[in-house]
Amino acid sequence: MADKDAVAPARFDARRDTADVIARRIRTRDGAVDDDANDEERKAQRVINPSDSTSLQIQPDSTTTRAKLRAYDSLVRSHEEVVSRLTASESRNAALESQMRVLTRETLDLEKAIASARVAGGDGSASDSVNEAYGKLKEAMKDLMDAREEAARAQSARGEAERAMEAATEAKERFERRARESEKALASSRKAEAQALVEVDSQTAMKNAALGRADALEKENRELLERLMEMKAKEAERMNEINDLYADLQRQKKNAELNAKAESLAEASAASMTRLSISGTMATIPAKKRHVLRSNKGGTHRVALSHDGFSAACAGEDKVVAIFDTATGARTSELLGCLGGVLDVSFSADDTLVLGASTDCSLQLWEALTGRVKHRLTGHAQQATSAQISQTDAKRAISASRDRTLKTWDLVRGLATTSMLTASTAHSVLYGATERHAFSGHFDGSVRVWDLRANQVEKENKVHAGPITSIVAMPSENEVLTNSRDNCLKLVDVRMMEVVRNFSSPKYRVGTDWSNPCAAPDGQHIAAGGSDGGLFIWRVQDGRLMTTLHGHDAVVASCSWSSSGMLASADKNGVCLLWE
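What follows is the structure, given as structure tokens:
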């Protein structure tokens, strides 16, 4: 028993020593845990230190991006602080877990020791010491549990912070991606701008080069035009020389023919002189064809007989005015130089000059005998439709054009002297008897009287329902004859601007816009060509249709009655017939 009692205190002392050791260990470990936690926190602070190169940092890749990422600085700093605290808490939690395991083992050992001590029934001081150690151990366990709960809360906060950091990181990545895309777009825009500038420079250079070429071409065009004018002048001179030579040859040929056929021509000449002498009282109507003249290729627009009746001029679409001898029907010359079809032709009073109106917007003046071009009269903007040489002054002429102007000309200088605007296109124009006035027939069906001193319309009257194709003078000084697309001819008294006679026929139809009638030298009859190829002749006194001459197989476009009594008609096939 004594041994047991001796052994029991020894055991109790050993157990008390064990309890003291455990208590000291608990205190030591509490301090160590705190120190370890502090060390871990300092390590975490060093790890999460923003100045450390290994810590979490956002490195902007450009100045622009860095400026735009400043909004994330506060979030990054707060995250770094949370991460620092969480790292320290994790370290402390790990230390507490380790301590808890040790304390758990020691608690179990202590409980076993206490149980053994209770069984052994040791002294009270040892029991108190053990109880005190046990209480401290329980407090340490409680503190440990509190620390564990705090670590759990810190772990949860860390998870939330990590999720927030992940969201912030994703936002940062999206922003950086958009920033990179913006930088790429900006680079593309700058590249496109540079390319556009290069293109602008290229286009500017091309423009300057084109302007330079245009200037060079314009200069070359002027030079070519000057050369062309020089060549045309030389060609005109050469043509005049050829015409002179041709005229000489024609005269020689004509003289030879006249000498060889003196007897046959004597009768014709006598007949012509007889007709010329009695022209003032002639009232007979031609009834038969004397000659068939092949005048113009493409059609004849106008035929005119010379005042002496010896020549016929046929103007046509082939740009030629063909001159024929009415006695023999031979082509004696061709008047050249027009660049377009010739719509009108007229002789001067002495038959030495011929004037033509062309679709090339010009008038051409020739010498009748030689065919030499005397002047090319330019000034109209559109085709010249009519022209006439003054019958009292061969130095003057008048013309009409589709440009709605009438012009008077100085034939000596080859220049226009006046220009008068018209309200409607004039298809035909002629001088009055005194040549102080001019008469014109227009597209609107009106006849206008012009005061050539005032260069303006003196009076006008709409006499036709359709366009007037031509206006011709009557032997009476106070009357003119008009033809129109309304298939009617009218005799107009220009003093009162009244229609005194109408001429028409059921079969008469106007075939062209330039259909030209004519009047007999005694003024008792008029003639006009129809679309059926007939030549209609009316009596002026009562407007009665006297006869219709047939011989054309195409539209008769023009006719002319000379003072010698010869009648000529021309059609759109280029055939001219001389009637007697």
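Number 580 marks the last residue of the sequence shown (the UniProt record's numbering); no jumps.
A virtual CB, placed ideally from N, CA and C, is assigned to each residue, including glycine.
Since we're looking at a predicted model, the values are computed, not measured.
Check, Outcome
"Using only CA atoms, which one of Gly529, Met496 and Phe503 lies nearest to residue 582?", "Only positions 1 to 580 of the chain appear in the structure, and residue 582 is not among them; the question remains open."
"Alpha carbon to alpha carbon, how far is Glu226 from Ala236? Give it in angstroms, no decimals.", "15 Å"
"Just the C-alpha distance for Ile323 and Arg331, rounded to the nearest angstrom, thanks.", "6 Å"
"Can you tell me the Cβ-Cβ gap for Glu477 and Ala433, rounded? I've got them flagged as a contact below 8 Å.", "4 Å"
"Could you have a look at Phe175 and say whether DSSP puts it in helix, strand or coil?", "helix"
"Counting Cβ pairs, one atom from each stretch, are 3 or more of them under 8 Å apart for the segment 420–430 and the segment 370–378?", "no"
"Answer with buried or exposed for Glu170, where buried requires no fewer than 16 other C-beta atoms within 10 angstroms of its C-beta.", "exposed"
"Specify the secondary structure class of Ile242 as computed by DSSP and reduced to three states.", "helix"
"Could you check what DSSP says for Asn461 in three-state terms: helix, strand or coil?", "strand"
"Which residue comes first and which comes last in the beta strand (DSSP E) that contains Arg331?", "Arg331 to Leu335"
"Quick check: the Cα distance between Asp444 and His427, rounded to an integer number of angstroms?", "10 Å"
"Rounded to the nearest angstrom, how far is the Cβ of residue 582 from that of Ala568, given a contact under 8 Å?", "The structure shown does not extend to residue 582, since the chain is modelled only from 1 to 580, so the question has no answer here."
"With DSSP as the reference, label Asp522 as helix, strand or coil.", "coil"
"Do three or more CB pairs link the segment 552–566 to the segment 508–522 at distances below 8 Å?", "yes"
"Spell out a yes or no on whether the segment 356–366 and the segment 386–405 are touching, meaning 3 or more CB-CB pairs, one atom from each, closer than 8 Å.", "yes"
"Between the C-alpha atoms of Ser505 and Gly441, what's the straight-line distance to the nearest angstrom?", "22 Å"
"Around the Cβ of Val292, are there at least 16 other Cβ atoms within 10 angstroms (buried) or fewer (exposed)?", "exposed"
"By alpha-carbon positions, which one of Glu334, Asp308 and Cys338 ends up nearest to Tyr246?", "Glu334"
"Can you tell me the Cβ-Cβ gap for Phe310 and Ala327, rounded? I've got them flagged as a contact below 8 Å.", "7 Å"
"Taking the continuous beta strand (DSSP E) assigned at Lys407, which residues delimit it?", "Thr405 to Asp410"
"On the CB-based measure, 16 or more other CB atoms within 10 Å of its CB, does Lys4 come out buried or exposed?", "Its pLDDT being 38, under 50, Lys4 is placed unreliably by the model, and nothing is read from it."
"Can the beta-carbon of Gly414 be found closer than 8 Å to that of Leu452?", "no"
"Per DSSP, which residues does Trp561 bridge with? Please list them.", "Leu567"
"Touch check for the segment 129–137 and the segment 82–91: three-plus C-beta pairs under 8 Å?", "no"
"Rounding to the nearest angstrom, what Cα-Cα distance links Met100 and Ile114 in this structure?", "20 Å"
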